[in-house]
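Enquirer:
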Amino acid sequence: MSGHISGVQTLIKSDYPNAHYVHCYAHQLNLIMKAASCKSKETRIFFSNLTDITNFFTRSPQRVQVLDEIVKKRLPKTVETRWNFKSRVVNTVYENRELLIECMDKIETTSNQTITINQAGDLRRMLLESTFIYWLNVFHRIMPHVDIIYNQLQKRSTSPVEINNSIHNFEINIQKERDNLDNIQVDEGESAKRRRENIYLTRNNIAKEVCDTIIVNVNELYKYKGHLIAANLFLLDNFENYEKTFPNFTSNKL
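Each residue of the sequence shown is one higher than the one before, counting from 0 in my numbering.
#1: Round the Cβ separation of L49 and V88 to the nearest angstrom and send it over; I've been treating them as touching at under 8 angstroms.
#2: Quick one: grab the DSSP three-state call for A35.
#3: Might you give, ordered along the chain, the residues of its own chain that have their beta carbon closer than 8 angstroms to the beta carbon of N117, omitting 5 neighbours on each side?
#4: Just the C-alpha distance for E107 and F55, rounded to the nearest angstrom, thanks.
#5: Any heavy atom of the ligand HEM within a distance shorter than 7 angstroms of the CB on F45?
#6: Count the other CB atoms within 10 Å of the CB of H167; is the residue buried (16 or more) or exposed (fewer)?
#7: Exposed or buried, N29, counting other C-beta atoms within 10 Å across all chains shown (16 or more means buried)?
#8: Look up L74 in the DSSP assignment and say whether it is helix, strand or coil.
#9: Check the C-beta distance from V209 over to T42 and give it rounded, since I have them as a contact under 8 angstroms.
#10: Use the C-beta contact count for E189: other C-beta atoms within 10 angstroms, 16 or more gives buried, fewer gives exposed.
#11: In this structure, does DSSP put I11 in helix, strand or coil?
#12: In whole angstroms, what is the alpha-carbon distance linking A119 and F45?
#13: Return the chain-ordered list of same chain residues with a C-beta closer than 7 angstroms to the C-beta of I100, the five sequence neighbours on each side being excluded.
#14: From which residue to which residue does the alpha helix (DSSP H) around Y149 run?
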């Protein structure tokens, strides 16, 4: 686990051995989305390519200057364990893909550094590839629903009923996106028609498996929610009320 040597939880447990580290409820959603993103070679490459785009601009003020000039918007930095950050990257690249292509083209033609020229050229060609465009479309449709439930799971105070409703709505929305995957059309270039159709069907099937993975795992990881009631006992805002009335929970609520 990240931070197991010198992370916050390790430092706290060194002073308080009986302290128990508990992930926030949204952490399970990160695990679900990571599993979905690793469903195939193409999806793994897609998110690796997104990271390449953000890293390209974080390493050079000169590149950022061109980005500001053409795109007029900064790219969020990706964080490996936080899917709300990856969601922002997906949406930013989707909304500004044509401008990013123009940006890469200018950097490629004006830079004096061989490494920069090669990287900009590779990223420009990648932004034009049908495979990348297809998965950009797929995850641009999925991510808004991930953002919504992520924010709901991050709320300080919640209940099993609220979680149930949020997850139910999330499942419905992901299923709708799954049903609409056939509407995604991406130009495959000059390849033969039969080959183009086979590629499309294969990608479509993988995209449906991605949606299925999300739906199945969200049900499995969030099937037990009773501990949320007990967790609410530890909210500092509630301590003052305990002097008057302390909650009485029956076993069937926990």
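In this text, a Cβ means the ideal position worked out from N, Cα and C, and glycines have one as well.
Expert: The relevant details are as follows:
#1: Position 50 of the sequence shown, counted from the start, is the residue given in the question as residue 49. Position 89 of the sequence shown, counted from the start, is the residue given in the question as residue 88. Between V88 and L49 the Cβ distance is about 5 angstroms, and since that is below 8 angstroms, they are a contact.
#2: Mapped onto the sequence shown, residue 35 falls at position 36. Correct three-state label for A35: helix.
#3: Along the sequence shown, one-based indexing puts residue 117 at 118. For N117, where only same-chain residues beyond five positions count, there are no Cβ hits under 8 angstroms.
#4: For this step, residue 107 is matched to residue 108 along the sequence shown. For this step, residue 55 is matched to residue 56 along the sequence shown. Rounded to the nearest angstrom, the two C-alpha atoms are 12 angstroms apart.
#5: Ligands displayed in this structure: none; no statement on the ligand HEM is therefore possible.
#6: Numbered from 1 along the sequence shown, position 168 holds the residue referred to as residue 167. Result: exposed.
#7: Residue 29 sits at position 30 when you count from the first residue of the sequence shown. By the 10 Å Cβ count, N29 comes out buried.
#8: Translated into positions along the sequence shown, residue 74 becomes position 75. The answer is coil: DSSP assigns L74 none of H, G, I, E or B.
#9: Counted from its first residue, the sequence shown places residue 209 at position 210. Counted from its first residue, the sequence shown places residue 42 at position 43. At roughly 7 angstroms, the Cβ-Cβ gap stays under 8 angstroms, so V209 and T42 are in contact.
#10: By 1-based counting over the sequence shown, the position of residue 189 is 190. At E189 the pLDDT is 49, less than 50, meaning the model places this residue with poor confidence; the figure from the coordinates comes in the next sentence. Its Cβ having fewer than 16 others within 10 Å, E189 is exposed.
#11: Position 12 of the sequence shown, counting from 1, holds the residue named residue 11. Correct three-state label for I11: helix.
#12: As a working note, residue 119 is residue 120 in the sequence shown. As a working note, residue 45 is residue 46 in the sequence shown. Distance between the alpha carbons of A119 and F45: 17 angstroms.
#13: One-based indexing of the sequence shown puts residue 100 at position 101. Counting only Cβ-Cβ distances below 7 angstroms, and skipping sequence neighbours, we find R123, L126 and L127.
#14: As a first step, residue 149 must be located in the sequence shown, where it is residue number 150. S129 to L152 is the extent of the alpha helix (DSSP H) around Y149.
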